[in-house]
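K.L.:
Numbering (this note's numbering), first residue to last: 915 to 1460. The beta carbon of each residue, even a glycine, is placed where N, CA and C say it ideally should be. Once you've had a glance at the structure underneath, I'll fire off some questions.
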Amino acid sequence: MESLPNPSVPQNLLVDSSSNHLLNHRSALSSSSVKASASNGDLKLQAARKAGSDGIVRCKIVRGDAGYVLEDVPHLTDYIPDLPTYPNPLQDNPAYSVVKQYFVNLDDTVAQKIVVHKNSPRGTHFRRAGPRQRVYFESDDVRACIVTCGGLCPGLNTVIREIVCGLSDMYGVTKILGIEGGYKGFYARNTIPLTPKSVNDIHKRGGTILGTSRGGHDTTKIVDSIQDRGINQVYIIGGDGTQKGASVIFEEIQRRGLKVVISGIPKTIDNDIAVIDKSFGFDTAVEEAQRAINAAHVEAESIENGIGVVKLMGRYSGFIAMYATLASRDVDCCLVPESPFYLEGKGGLFEFIEKRLKENGHMVIVVAEGAGQALIAESMRSMDHKDASGNKLLSDVGLWLSQNIKDHFAGKKMGMNLKYIDPTYMIRAVPSNASDNVYCTLLAHSAIHGAMAGYTGFTVGPVNGRHAYIPFHRITEKQKKVVITDRMWARLLSSTNQPSFLSNKDVEEAGNEEEPPTQLRDGDDKMVDDQVTDPERDSSVCNGYL
């Protein structure tokens, strides 16, 4: 057993404790940062650690030459100094004895952007996920818990299984609890013991064996329960709302000075979590959506002027609809929240439907649940209402669209037969497919390695194919959306031959809104990066207000 310096920045980088105070983001990076030579003797790194007036460390930045920026995650040693460390049990695990360089180098980071120009700055990076040589928990002292929150998603049981089996098989942890019923289960005292044997086959089932709920977040009661039960590792599986709750729990844990790790595993079937490549369950959802699209196509082509309308998930982001359309090749029109459309007039949806029916005699329309809400806002009073998770209640665009199509053709000589299919809850409830099962394993293991290494206040996910630890605020500050000025959307338009429904002005506005942040060099040592130095993020993120 020994004490090590804070590993949340590279070992060759020493951080001045004087930087632990609330500062403007830019000034902290320049005036309160310290420099140290890296192993090659040339690279100069700068580090800044931000703490609010309440002493809570929320934003950690490491800077280096050529515009290198590391957005680091918190570590237990940020607020509990001189913690002892222990050898990682994996070094004695026969299953990993054949792996070369299994342990991750403390300096390893993952670039957020990999497409650059020769003179581009290196840009934003995140700490690479994986096992470290030294850990901050002895196996016998770990008391872990797992909670699932929000809506159902394929793969939830797989993540639960792999956390339990990973903790047991890799680190010898035996005390693992399942919190039933979401966040409220913490203070309702609903728990079940989890063992590798009890979770062995749960990945073959849909849903979550722990149960789930929306809302129910009471920070004080939750942290009181964690403290009373002696829990020191908390694995929270849920979407952006759940991860915001996890961030608040982490802040309260830090405020109380508890040696408790808060680790998030992002879950959203819509694939709208920012920064990460994709969320688990998405591949399964796209695959399962094919069944509904195939059924709609069979119905439509089997009758004169048949129209099949399929509504898929996608409250704010249309990724499932887009990828399911591309995978099917039977879809004639795909409508997503990011791309506005209109019904009447030249270039409208009705004109396209009539054209396609005359050409092919049938058509299939895929619509994401969040599409067209502006068109039906006046007829839906619940537009301003929200569910327990804070999500806006949406009107059923599938029913609305189907009825409007029927009404349009009612006064025309051209007959029409429409079939409407809504497979939403069937898709959510299925077990994950092979691809998602493997992905869930990687997510669970990455979360475990991070927790054992003492990292906290983070969520885990792949960034450009490499798993990384990402600060909570980076995945909760905005949602990932389909970029309708991107080549993937162009591929869809080419596949369906549908109109874009956009004017030149709409395209220009969409391009301005969705243009990726730019990174420009300004002088030798300074980089202007609006992902890191945006004034709004300086005040809202680094000072802890979400």
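(1) Quick one: give me the first and last residue of the alpha helix (DSSP H) that residue 1051 is part of.
(2) Can you pull the DSSP bridge partners for residue 1247?
(3) So what does residue 1289 bridge to, in DSSP terms?
(4) When DSSP labels each residue in this structure, what does residue 1383 get in the three-state scheme?
(5) In the DSSP output, which residue or residues are listed as bridge partners for residue 1333?
(6) If we ignore side chains and look at the alpha-carbon of each, how far apart do residue 1232 and residue 1081 end up?
(7) Compare the beta carbon distance of residue 1201 and residue 1160 with 9 Å and say whether it is the shorter of the two.
(8) Which stretch, first to last residue, makes up the beta strand (DSSP E) that contains residue 999?
(9) Counting Cβ pairs, one atom from each stretch, are 3 or more of them under 8 Å apart for the stretch 1283-1293 and the stretch 1319-1334?
(10) Could you compute how far the alpha carbon of residue 1107 sits from the alpha carbon of residue 1150?
(11) With residue 1378 and residue 980 assumed to form a contact (beta carbons below 8 Å), what rounded beta-carbon distance in angstroms separates them?
(12) Please specify which runs of the alpha helix (DSSP H), each continuous and at least 4 residues long, are wholly inside the stretch 1009-1095, giving them in chain order.
(13) How many angstroms separate the CA atom of residue 1092 from the CA atom of residue 1314?
(14) Between residue 1533 and residue 1096, how many whole angstroms is the CB-CB distance? I'm expecting something under 8 Å.
(15) Among residues of its own chain, excluding the 5 on either side of residue 1105, which ones have a beta-carbon nearer than 7 Å to its beta-carbon?
(16) If we call anything under 9 Å between Cβ atoms a contact, is residue 1367 one with residue 1046?
(17) Determine the closest residue to residue 1110 out of 1102, 1074 and 1098, with distance taken between C-alpha atoms.
(18) Near residue 1340, what residues of its chain come up, given a Cβ to Cβ distance below 6 Å and the 5 sequence neighbours on each side ignored?
(19) With DSSP run on the structure shown, which of helix, strand or coil describes residue 1178?
(20) Report, in whole angstroms, the separation of the C-beta atoms of residue 1194 and residue 1181, which I expect to be a contact under 8 Å.
(21) Using alpha carbons as the reference points, say which of 1226, 1174 and 1102 lies closest to residue 1337.
(22) Just verifying my parser: in three-state terms, what is the DSSP assignment at residue 1168?
(23) Can you tell me whether residue 1363 is helix, strand or coil according to DSSP?
(24) Tell me whether residue 986 sits in a helix, a strand or coil according to DSSP, three-state version.
(25) Measure the C-alpha to C-alpha separation of residue 1269 and residue 1235 and round it to an integer number of angstroms.
(26) Just to confirm the assignment, what range does the alpha helix (DSSP H) spanning residue 1266 have?
P.N.:
Walking through what the data contain:
(1) Per DSSP, residue 1051 belongs to no alpha helix (DSSP H) and is neither H nor E.
(2) 1279
(3) Answer is none; residue 1289 lacks a bridge partner.
(4) strand
(5) 1222
(6) 35 Å
(7) no
(8) 998-1001
(9) no
(10) 16 Å
(11) Rounded, the Cβ-Cβ distance is 18 Å, inconsistent with contact.
(12) 1070-1085
(13) 41 Å
(14) There is no way to answer for residue 1533, as the model of the chain reaches only from 915 to 1460.
(15) 1091, 1092, 1093 and 1094
(16) yes
(17) 1074
(18) none
(19) strand
(20) 7 Å
(21) 1226
(22) helix
(23) helix
(24) strand
(25) 22 Å
(26) 1263-1274
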